[in-house]
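Student: Quick one: this structure, given as structure tokens, is what I'll be asking you about.
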Ligand code: UD1
Ligand code: UDP
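In the numbering used here, the protein residues as written are -4 to 359.
Structure representation (structure tokens):
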């Protein structure tokens, strides 16, 4: 068995890292193919270094562009690269354009495709991510569903039970592996002057939020007001897409919101764990908040992670300032005694077992 990992963005690097480590532990040969969708150091190479990953064997250097151009160029280069590597299985993770291209390219070969984090649905086809996940799921031989709920969704769409394995989400593996390290090693709290102080951690980068000027302004206004009511500061590690939009629209970020550079994983985990509350539109951050026991408010109209809402860890507030203020207020003092719905931290091992590799459990 030879596995090729096709990945391209920050969340894919973080969530595939435990699977890559499980391959190394099982002495399974693998090859990392990076599409180059993310290329800024702060979204890319810092994670390879910090998560102890080898440099990708291939970097296809595709970079940014419109959906068609970015996905099309990836498709051409991934096909050429897979011909050269000739793996038995390709693994992709999540819902980005890199996943779409990796899935389509692989599906036209005799190489097996495995989709990690299969069966998530927002039921909102305006999101490019929704199309990407649906397509990737339907062309995969192996669907690794994080929860029983995502498995049921795949079955409803007519996907055979034999193709689906409920593994848990590899983000749990990543959090369990790194949260102690973050506590020991990260100095982010003192660097930012947050030691012993209440604060809100914010991220916002989704196209539907930050590419729409009125909606982005409305989110910033809402978060600023919510923070004033609690008399706390908001720390916002800002994704380059959002930073560019602030600039394009000439938006002045309100005083209560401190924008900082995107953080490496241990710093970010530390900020998540220590925050009084998290406001976000990120998929991975909704999950991590839930796993770490920190209340989360999601600035979207829907979520493909309903498990977080059902256990009481997360609420949707859209982009309306009043709704943001009200829901932050309601979530502030919530007791975080929910159970993590995303599994036990052995998702990576289960994924490899499905591919016929025998692995040792509990090494994470
Ligand atoms: C992509 C994913 C999104 C995911 C996010 C993770 C798609 C359609 N979207 O969004 O689902 O949540 O990654 O972070 O695949 N840029 C840089 N440096 C980089 C990469 C991007 O400055 O390394 C800037 C460029 O201005 C670029 C913009 O960000 O045009 C958007 O990048 P893109 O890859 O299209 O999407 P993301 O917003 O990163
Ligand atoms: N993350 C990080 N540094 C940051 C912001 C996020 O390490 O400054 C991590 C976060 O812990 C999570 C992942 O990036 O694991 C989420 O990625 P992102 O929000 O970009 O994408 P999404 O999950 O929404 O696709």
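Backbone N, C-alpha and C fix where the C-beta goes; we use that ideal spot for every residue, glycine too.
Over the uninterrupted alpha helix (DSSP H) stretch that includes residue 11, give me the two end residues.
Tutor: Taking the chain shown and counting its residues from 1, one reaches residue 11 at position 16. DSSP places residue 11 in the uninterrupted alpha helix (DSSP H) bounded by 5 to 20.
Student: Quickly, what does DSSP pair residue 0 with across the bridge? List them, please.
Tutor: As a working mapping, residue 0 is identified with position 5 in the chain shown. In DSSP, residue 0 forms a bridge with 27, 86.
Student: If you follow the alpha helix (DSSP H) that residue 285 is in, where does it begin and where does it stop?
Tutor: Taking the chain shown and counting its residues from 1, one reaches residue 285 at position 290. 278 to 287 is the span of the alpha helix (DSSP H), which, as asked, contains residue 285.
Student: What residue from 303, 9, 218, 261 has the CA that sits closest to residue 324's CA?
Tutor: Working through the chain shown from its first residue, we reach residue 324 at position 329. Of the candidates 303, 9, 218, 261, the one whose C-alpha sits nearest the C-alpha of residue 324 is 218.
Student: Does DSSP put residue 127 in a helix, in a strand, or in coil?
Tutor: The sequence position of residue 127 within the chain shown is 132, counting from 1. The three-state reading of DSSP puts residue 127 in helix, counting H, G and I together.
Student: Going by CA-CA distance only, name the one from 130, 164, 163 that's closest to residue 94.
Tutor: For the purposes of this step, residue 94 is taken as residue 99 along the chain shown, with counting starting at 1. Per the Cα distances, 130.
Student: Compute the beta-carbon to beta-carbon distance between residue 294 and residue 276, rounded to the nearest angstrom, for a pair I have assumed lies under 8 angstroms.
Tutor: Locating residue 294 in the chain shown gives position 299, where the first residue counts as 1. Locating residue 276 in the chain shown gives position 281, where the first residue counts as 1. Contact flag correct, Cβ pair sits at about 5 angstroms.
Student: If you draw a straight line from the C-alpha of residue 197 to the C-alpha of residue 231, how long is it?
Tutor: Counting from one through the chain shown, the residue named residue 197 turns up at place 202. Counting from one through the chain shown, the residue named residue 231 turns up at place 236. Cα to Cα, residue 197 sits roughly 5 angstroms from residue 231.
Student: Return the chain-ordered ranges of every beta strand (DSSP E) run that is complete within the segment 119 to 204 and spans a minimum of 3 residues.
Tutor: Counting only runs of 3 or more, we get 137 to 140, 159 to 161, 194 to 197.
Student: Classify residue 56 as buried or exposed, calling it buried when 16 or more other Cβ atoms lie within 10 Å of its own Cβ.
Tutor: Here residue 56 refers to the residue found at position 61 when the chain shown is read from its first residue. Burial call: exposed.
Student: Of all residues in the structure, which have a C-beta closer than 5 angstroms to any heavy atom of ligand 2, taken in chain order?
Tutor: Those satisfying the condition are, in chain order, 5, 6, 9, 232, 257, 258, 260, 263, 277, 278, 279.
Student: Since residue 52 contacts residue 27 with CB under 8 angstroms, what's their CB separation in whole angstroms?
Tutor: By one-based count along the chain shown, residue 52 stands at place 57. By one-based count along the chain shown, residue 27 stands at place 32. Indeed, because the Cβ distance is near 6 angstroms, the residues count as touching under 8 angstroms.
Student: Can we count residue 92 as close to ligand 1, meaning its CB is less than 8 angstroms from some heavy atom?
Tutor: Counted from its first residue, the chain shown places residue 92 at position 97. Answer for residue 92: yes, Cβ within range of ligand 1.
Student: In whole angstroms, what separates the C-alpha of residue 39 from that of residue 47?
Tutor: Mapped onto the chain shown, residue 39 falls at position 44. Mapped onto the chain shown, residue 47 falls at position 52. Distance between the alpha carbons of residue 39 and residue 47 is about 13 angstroms.
Student: From residue 2 to residue 259, what does the alpha carbon distance come to, in whole angstroms?
Tutor: As a working mapping, residue 2 is identified with position 7 in the chain shown. As a working mapping, residue 259 is identified with position 264 in the chain shown. If you take the alpha carbons of residue 2 and residue 259, they lie about 18 angstroms apart.
Student: Could you compute how far the alpha carbon of residue 110 sits from the alpha carbon of residue 36?
Tutor: Along the chain shown, read from residue 1 onward, the residue named residue 110 stands at position 115. Along the chain shown, read from residue 1 onward, the residue named residue 36 stands at position 41. Rounded to the nearest angstrom, the two C-alpha atoms are 26 angstroms apart.
Student: Rank 311, 153, 124 by C-alpha distance to the C-alpha of residue 90 and give the top, closest one.
Tutor: In the chain shown, counting from the first residue as 1, residue 90 sits at position 95. Taking each of 311, 153, 124 in turn and checking the Cα distance to residue 90, the smallest one comes out for 124.
Student: How about residue 120: is its Cβ closer than 8 angstroms to a heavy atom in ligand 1?
Tutor: Taking the chain shown and counting its residues from 1, one reaches residue 120 at position 125. False, no ligand heavy atom lies under 8 angstroms from that Cβ.
Student: Check whether the Cβ atoms of residue 114 and residue 156 sit closer than 9 angstroms, and answer yes or no.
Tutor: Within the chain shown, the letter at position 119 stands for residue 114. Within the chain shown, the letter at position 161 stands for residue 156. Contact flag unset, no.
Student: Spell out the partners DSSP gives residue 33 in its beta bridges.
Tutor: Stepping through the chain shown from its first residue, residue 33 is reached at position 38. According to DSSP, residue 33 bridges with nothing at all.
Student: Can you tell me where the beta strand (DSSP E) holding residue 110 begins and where it ends?
Tutor: Residue mapping note: residue 110 aligns to position 115 of the chain shown, counting from 1. Residues 107 to 111.
Student: Is any heavy atom of ligand 1 found at a distance shorter than 8 angstroms from the C-beta of residue 201?
Tutor: Taking the chain shown and counting its residues from 1, the one referred to as residue 201 is at position 206. Answer for residue 201: yes, Cβ within range of ligand 1.
Student: My assumption, with CB atoms under 8 angstroms, is that residue 97 sits in contact with residue 71. Please give the rounded CB distance.
Tutor: Reading the chain shown from its first residue, position 102 is the one you call residue 97. Reading the chain shown from its first residue, position 76 is the one you call residue 71. 13 angstroms between Cβ atoms; not a contact.
Student: Just checking residue 110 against ligand 1 - is the residue's beta carbon closer than 8 angstroms to any of the ligand's heavy atoms?
Tutor: Within the chain shown, the letter at position 115 stands for residue 110. No - ligand 1 has no heavy atom lying nearer than 8 angstroms to the Cβ of residue 110.
Student: Less than 7 angstroms between C-beta atoms, sequence neighbours within five positions excluded: which residues of the same chain meet that for residue 316?
Tutor: The residue you call residue 316 lines up with position 321 of the chain shown. Within the same chain, residue 316 has close Cβ partners 213, 216, 217, 220.
Student: Just mark residue 185 as buried or exposed, buried being the case when its beta carbon has 16 or more other beta carbons within 10 Å.
Tutor: Stepping through the chain shown from its first residue, residue 185 is reached at position 190. By the beta-carbon neighbour count (other beta carbons within 10 angstroms, threshold 16), residue 185 is exposed.
Student: Which residues does DSSP list as the beta-bridge partners of residue 232?
Tutor: What you label residue 232 is simply residue 237 of the chain shown in a count that begins at 1. Partner(s): 255.
Student: Comparing the CB of residue 164 with every heavy atom of ligand 1, is any distance shorter than 8 angstroms?
Tutor: Taking the chain shown and counting its residues from 1, the one referred to as residue 164 is at position 169. No.
Student: Is it buried or exposed, residue 168, if we count other Cβ atoms within 10 angstroms and call 16 or more buried?
Tutor: Translated into the one-based positions of the chain shown, residue 168 becomes position 173. Classification for residue 168: buried.
Student: Specify the secondary structure class of residue 101 as computed by DSSP and reduced to three states.
Tutor: Residue 101 sits at position 106 when you count from the first residue of the chain shown. Note: residue 101 maps to helix in three-state DSSP.
Student: In the DSSP assignment, what residue or residues form a beta bridge with residue 92?
Tutor: Numbered from 1 along the chain shown, position 97 holds the residue referred to as residue 92. Looking at the DSSP assignment, residue 92 forms no beta bridge with any residue, so it has no partner.
Student: DSSP on residue 218, reduced to helix/strand/coil?
Tutor: In the chain shown, counting from the first residue as 1, residue 218 sits at position 223. Reduced to three states, the DSSP call for residue 218 is helix.
Student: How many Å lie between residue 229 and residue 313 at the Cα?
Tutor: Translated into the one-based positions of the chain shown, residue 229 becomes position 234. Translated into the one-based positions of the chain shown, residue 313 becomes position 318. Straight-line spacing of the CA atoms in residue 229 and residue 313 works out to 18 angstroms.
Student: In the DSSP assignment, find the alpha helix (DSSP H) that holds residue 346 and state where it starts and stops.
Tutor: For the purposes of this step, residue 346 is identified with residue 351 of the chain shown, where counting begins at 1. In the DSSP annotation of this structure, the continuous segment of the alpha helix (DSSP H) that includes residue 346 starts and ends at 342 to 349.
Student: Taking residue 202 as the reference, which of 222, 174, 239 has the closest Cα?
Tutor: As a position in the chain shown, residue 202 is number 207, starting the count at 1. Looking at the Cα atoms, 239 is the closest of the given residues.
Student: Based on the DSSP secondary-structure assignment, which residues constitute the bridge partners of residue 323?
Tutor: Within the chain shown, the letter at position 328 stands for residue 323. Paired residue(s): none; residue 323 is not in a bridge.
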